[in-house]
Amino acid sequence: MKQFNALVFFIMVICCHSVSYSQKITTGIYSGVNFSDIHGQEIGGKWSFKPGPVQGFNLGYSFSKTLGIQTGINFSTIYYEHKLSSFPRAYYPVSYSSIAPYYYPENEMMDFRVLRIPLLFTVSVPSELQFRMRAGIFFSFLQDYSLNNYNYYSSRGQDKPEKHDFGYIFSSGISYPFNEYFKVTFDIGYLTGRKKFLDNYKYRHGSSEFTLGIAYTGFLKNKNANITSKTKSDSSYKKVTVTFRGGMNYSWNKGSNGEDNYCGYTGPALGFSLRVPLGGNTSFQTGLSFERKGYSIKDSSTSFYKLIQNDNQIYYVDAKVQTDYAIIPALLSFQLGESDRVFFNTGPWLGLKLNARSVGTAYIDYHSDASYQLKKTIIYEDLEKAIKDYDLGWIFGFGVSIPVIEEYKVDLTLQYSTGFRDVFDISGTGEIYNQYDKSLSIRNRTISLILGFKIPSADR
Amino acid sequence: MKRPVLLITVMCLTLSCDRYADPEVKLLEDYSFNFDTFQEKRFFAGEWVSDSIRFRAINNKAPLKDPVKVLFEVAKGGGLVTVSSAITDKDGYAFTGWKLGSESFGQILRAKTYDLKGNFLNSSDLVVYGFRTNEWDTLQNAMENNISGMAADTINKITYMVCGGKLYRQGERYYIWNEVKDQYLSSLRTIYIDRNRVFYATTSNGDLIRSTDHGESWQLCIRPYSQIYYYLNISISSDNYIWVSTYNLPIKYSKDSGQTWTELGSEISAHGIGDVFRLKDGSLVLHGSDCCSLFRSVDEGLTWTKIETPGHTDKVFVSDTDEIYVNDQPFTLYKSTDYGATFKYVFAASPEWGSSKDNIFYKVGSFYYILAPGWGILKSADLTHYDIYWMNSNLRNLYIDHNGVLLATYYTWMPPYLKIIYYRKNSE
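Dropping the structure here:
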């Protein structure tokens, strides 16, 4: 409680000092929904993205028109539910058939109500639809919890969750002023806790938040009038453009050799990019996008994410192995010709793993001398632990920019990205070597078709 | 501007929703199949198993739903079926007749099942055994695998077998064994028969049991060692004397079918009982249960004279003409025609492993069958000239019933420790 009081006091101090020059205070309230996204889990089963409520207020403090800090108070309730695999785990070599397949007896459910104090660094991009990114840390304080159906192992009933946590927040959003003092905001945030919240397990909190809010910008308006005119001449962001992008990825696994029947997978891509002119026909392009990469299996196997074939329990597997990444590119973009319509870009990208899973169906038929059974398995296996935390690669893109209304443009981009790393982490699978298993390697390759809606600079 | 915001919001929310079904397993089809009679039954090769063999297919998810198509075929053995294709009736039954062939001992009738769309469901086998003539028929995991003794009465055509501590009498066919139950017939070790066709069986409790009416009834003999409750070694000599020994106690013999017992001296008793033979001159030849302990007595066992043997003998056999044969370990046969004064080499084999030897000499008709454990079976008409009858280095014991059917047991010290018994019926 002392820490909480200290933070509230700290926020009040910031408010009191906000009367100096070139500062701008923004406050707002927001409400929305979070989708739980636990970390540190073992392979197997389905951790549902359960929705829960989020409310809070924030207090921002801008050093300039683009840079600032933000804090506030956030109340969230996070619901975790592990829907358990009722089928035998097929990741161990089936030649170990003397080990009876294990079945989990019931679903695991937990929920936590927390109060969070974030401390964020903010970057705003002035445009018609003001765009902002935030990153920082948070401290959280557990208010209440429930571990329903949680103690299916006897030791678990003794566990008590950690009362305090800290972690990282990444967020981006847009705001739109609807009068002189108020603007409506929409933010998407990703939160990941850093502390284990149960002693005997590696679980860490995590969630994605989607919030709508109203921000008040009327504090110290007179003094800030002067600031506004000054920042209008800030040429470094004068022509920064924001492009909201969405499209489809066709990805495949280059790590497997041609003998393996790994197929491609089509997944979504959604995000934004920032383009900063560097002079001439060259610009720097970065941003953040959510992309789902992976591959698919349509073959006989004893595993639901890779091909293992032996004489024992064989499924016909039709599954997709998906990894969700937060992709941050750093591209140089070259406009071809004077028309500014055709461009080529290239550069590295960093992908931070968010989730991984195998989904699909598998069929198996059992023939014995006395019986025949055909079983259909609905696959949903959490694979987050089997995929490394990040990937690095290179992007080549080619596109056209088509004006639609005034200076609003639509970009159509065809992009190829290659990953440098083998992102399969066998140590996370609990597997041991077996003679049937040509060890899997996963190297991401993706072709993307992206449609972008380019928002022009506010100072055009 | 509102539309793009709305569009992006909706897309984000849509992508964040759970789109995939929860993990689960659904049973789509479930059938049970069986031949409900004759499985693992025994027949003679070439005979009819039945003209109406019943096969059943049950759809466990929807028992009254669809019939199943059944294709019958002989998968092994070379026999024939009367119906090769059938549709199951409302109770799930399909029928065929099956006559065995003689191409193999284990014979298989196979029923392949298909749903009405033609999708293959299963293949079920009905396995039976067709016993052949002049072939070694191999049975795995059969009751006889635990055989520990056999005694045959060739006059009355009776054979008893001790197996798993129980007594079995051979049935109408040589491969059929029926358990004999009696208050004394438990924990049996082995069984013998004397020249008067009296059966004797020993138990693991030190009891000796006797039947004088071809096994119809059994009586307890006077216990040769009242103080012990464990094994007895026994040998019955051609004069119907019963010779017994046990650990650390004197050898005893009974002249009156186990009613009274006489002790031998301590010198001979130290070797225990292996085999005892009465020679035509009235003397006794005894080989102990240990190495090289061959003795002869000319005074009804009061005194014994040690006979020097070639090598390390563990077995003695005396022929109808009083020739004494000894076995030098692991398997070299010597013959003496002068009551053990001299021995002459007659045959040697090289077993793959060493073993103690139970009864290894059998006479059927005019031929002897001699087992060399770990090597195979020899056949001889005169015990001087030997033919290799069957080389099998996994043979451990040999038994012969009153029909002359040979039963050989299998032994291995290597995994998977198969349990096998071999049958062989020779033509007349």
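Protein chains in written order, with this note's numbering: chain A, 1 to 460; chain B, 461 to 888.
Note that beta-carbon positions come from the ideal geometry of N, C-alpha and C, so glycine has one too.
All figures in this text were calculated on a predicted structure; none of them were measured in a lab.
Using a Cβ distance threshold of 9 Å, R655 (chain B) and G666 (chain B) do not count as a contacting pair. Assignment of S584 (chain B) by DSSP, reduced to helix, strand and coil, places it in the strand class.
Rounded to whole angstroms, the separation of the alpha carbons of V321 (chain A) and T77 (chain A) is 30 Å.
Listed along the chain, the chain A residues whose CB falls inside 7 Å of the CB of K817 (chain B) amount to none; the nearest CB is some 39 Å away. Pairwise C-beta distances place the segment 62–70 of chain A out of contact with the segment 32–42 of chain A, as fewer than three of them are shorter than 8 Å. Around S664 (chain B), the same chain offers S647, R649 as residues with beta carbons nearer than 6 Å, after the five sequence neighbours per side are excluded. For K46 (chain A), a Cβ of chain B is located within less than 9 Å of the residue's own Cβ. The beta carbon of F178 (chain A) is closer than 7 Å to those of V184 in its chain, skipping five residues each way along the sequence.
The beta carbon of W508 (chain B) is closer than 8 Å to those of G557, W558, K559, L560 in its chain, skipping five residues each way along the sequence.
Three or more pairs of CB atoms, one per stretch, sit closer than 8 Å, so the segment 362–381 of chain A contacts the segment 42–57 of chain A.
The count of Cβ pairs closer than 8 Å, one atom from the segment 401–416 of chain A and one from the segment 443–459 of chain A, reaches three, so the stretches are in contact. Your pair K202 (chain A) and K196 (chain A) checks out as a contact, with CB atoms roughly 6 Å apart and the cut at 8 Å. The beta carbons of Y265 (chain A) and K293 (chain A) sit closer together than 9 Å.
Residues of chain B whose Cβ lies closer than 8 Å to the Cβ of K375 (chain A) are, in chain order, V485, K486, L487, L488. The Cβ-Cβ distance between G609 (chain B) and I568 (chain B) does not fall below 9 Å. For secondary structure counted as the beta strand (DSSP E) over 3 or more consecutive residues, the segment 741–807 of chain B holds these complete runs in sequence order: 744–747, 754–757, 765–767, 773–778, 784–788, 792–796.
Contacts with chain A at 9 Å (Cβ-Cβ) include A481 (chain B). Excluding sequence positions up to five before and after I696 (chain B), its CB lies within less than 6 Å of the CB of Y652, D654, I702, all in the same chain and listed in chain order. Rounded to the nearest angstrom, the gap between the Cα atoms of S796 (chain B) and A808 (chain B) is 16 Å. Using beta-carbon distances, D526 (chain B) does not count as an interface residue toward chain A, since no partner is under 9 Å.
Taken through DSSP and simplified to helix, strand or coil, S729 (chain B) comes out as helix. Bounds of the beta strand (DSSP E) holding R884 (chain B) are 880–884. Bridge partners of F420 (chain A) according to DSSP: none are assigned. Excluding its 5 nearest sequence neighbours in each direction, G625 (chain B) has C-beta neighbours in its own chain below 6 Å: S647, L648, listed in chain order. Around F532 (chain B), no beta-carbon contact reaches into chain A at under 9 Å, the shortest distance being about 15 Å.
At least 9 Å separates the CB of A215 (chain A) from every CB of chain B. The segment 817–827 of chain B and the segment 571–578 of chain B do not touch, with fewer than three beta-carbon pairs separated by less than 8 Å. Distance from L867 (chain B) to Y859 (chain B) at the Cβ level is roughly 5 Å; contact confirmed, criterion being Cβ atoms closer than 8 Å. At least one C-beta of chain A is nearer than 9 Å to the C-beta of D585 (chain B).
N638 (chain B) is bridged by DSSP to B:R629. Interface residue (Cβ-Cβ distance to chain A less than 9 Å): F493 (chain B) is classified as such.
For the segment 367–399 of chain A, the residues whose beta carbon sits under 9 Å from a beta carbon of chain B are, in order, H367, S368, D369, A370, S371, Y372, Q373, L374, K375, K376, T377, I378, I379, Y380, E381. For V359 (chain A), the chain B residues whose C-beta falls within less than 7 Å of its own C-beta are Y480, listed in chain order. Close to N582 (chain B), with beta-carbon spacing below 9 Å, are these residues of chain A in chain order: H367, S368, D369, A370, S371, Y372. Counting of Cβ neighbours within 10 angstroms places K163 (chain A) among the exposed residues, the total staying below 16. Segment contact: the segment 412–427 of chain A against the segment 361–373 of chain A, fewer than three CB-CB distances shorter than 8 Å; contact not assigned.
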